[in-house]
Amino acid sequence: MANSLASNGHGSRTLEVRYHNWSMNMDVIDLATSQQLYTLHGGSLGGTFTCVNNANVVIGTGQTSLMRSNVTVSMTGAAGGIAGTFQTHTGKLLGGSPKFNSPAFGGQQMTWKNKAMSSKIIYTLLDENGIALARFESAGMKFKKVGKLEIVDAVTDQAQVDEIVVTVLTLLYRKLTEMNSTVVV
65 MANSLASNGH GSRTLEVRYH NWSMNMDVID LATSQQLYTL HGGSLGGTFT
115 CVNNANVVIG TGQTSLMRSN VTVSMTGAAG GIAGTFQTHT GKLLGGSPKF
165 NSPAFGGQQM TWKNKAMSSK IIYTLLDENG IALARFESAG MKFKKVGKLE
215 IVDAVTDQAQ VDEIVVTVLT LLYRKLTEMN STVVV
């Protein structure tokens, strides 16, 4: 899949994340073209889920757990991507700013900086030099919309875009299922 994300004219591309159906499945839509670019097929918390591109090719998988602070992401290398498996780690069971070594960005340590708010989820992806490459902001208490993901125009490599989408969807999926789950001890 070529880089089909359209620029919004402000130095970034804006994608909308929507619930696919009543489950936790999510679609990523290019707002400029209304084209569906990705779908996350969710499973139960602690299970593995997949992210496919608009050609229905699996580009990555994620695994989450309520009992661990990290998530595991595997990129398949399909459609010209860079294969690799990595874990984010925060050191905190809830919240924190997940860090990971990125295969698509040449092994750089990336951080999804988490701005904790009671009504919104906000993540900003920073490279190892502190430069913001992407930002996700949830839509709050919306019925169908999950939120918006902005990716700076400087990110032109499709493997990098795929990795950004898969990692933020994995973190978002964990946070949303965590908010909707209770642990009985």
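Numbering-wise (this note's numbering), the sequence shown opens with residue 65 and increments by one.
We treat Cβ as the ideally placed atom computed from N, Cα and C, and that holds for glycine.
Just so it is clear, the structure is predicted and the values come from calculations on it, not from any experiment.
Can you tell me whether residue i is helix, strand or coil according to DSSP?
i	result
Ala223	helix
Lys208	coil
Thr140	coil
Thr234	helix
Lys184	coil
His74	Since pLDDT at His74 reaches only 47, below the 50 mark, its modelled position is unreliable, and no value is offered.
Leu79	strand
Val249	Because the pLDDT at Val249 is just 40, under 50, the model does not fix this residue reliably, and the value given afterwards should be weighed accordingly. Coil at Val249, not helix or strand.
Ile228	helix
Leu69	Residue placement at Leu69 is flagged as unreliable, the pLDDT there being 32, under the threshold of 50; the coordinate-derived value follows with that caveat. Here Leu69 sits in coil by DSSP.
Along the chain, where does the beta strand (DSSP E) that runs through residue i open and close?
i	result
Ala201	Looking at the sequence provided, one finds Glu at residue 201 rather than Ala. Note, Glu201: beta strand (DSSP E), Ala196 to Ser202.
Gly126	Val122 to Gln127
Asp91	Met90 to Asp94
Phe169	Note, Phe169: premise wrong, no beta strand (DSSP E); not H, not E.
Asn118	Asn118 -> no beta strand (DSSP E), and no H or E assigned at all.
Round the Cβ separation of residue i and residue j to the nearest angstrom and send it over; I've been treating them as touching at under 8 Å.
i	j	result
Val210	Cys115	In fact, because the Cβ distance is near 14 Å, the residues do not count as touching under 8 Å.
Ile228	Leu189	6 Å
Met147	Gln224	In the sequence under discussion, the amino acid at residue 147 is Ala, which differs from the Met named in the question. Ala147 to Gln224, Cβ: 14 Å. No contact.
Leu101	Asn118	5 Å
Give the single residue among the options whose Cα lies nearest to the Cα of residue i.
i	options	result
Tyr83	Gly194, Ser202, Ala223 and Val219	Ser202
Val232	Thr128, Asp217, Asn118 and Thr220	Thr128
Asn89	Gly126, Gly75 and Arg77	Gly126
Glu80	Ala223, Gln222, Ile185 and Glu214	Glu214
Gly141	Asp94, Val122 and Ile186	Val122
Thr175	Lys184, Arg77, Ser183 and Ile195	Ile195
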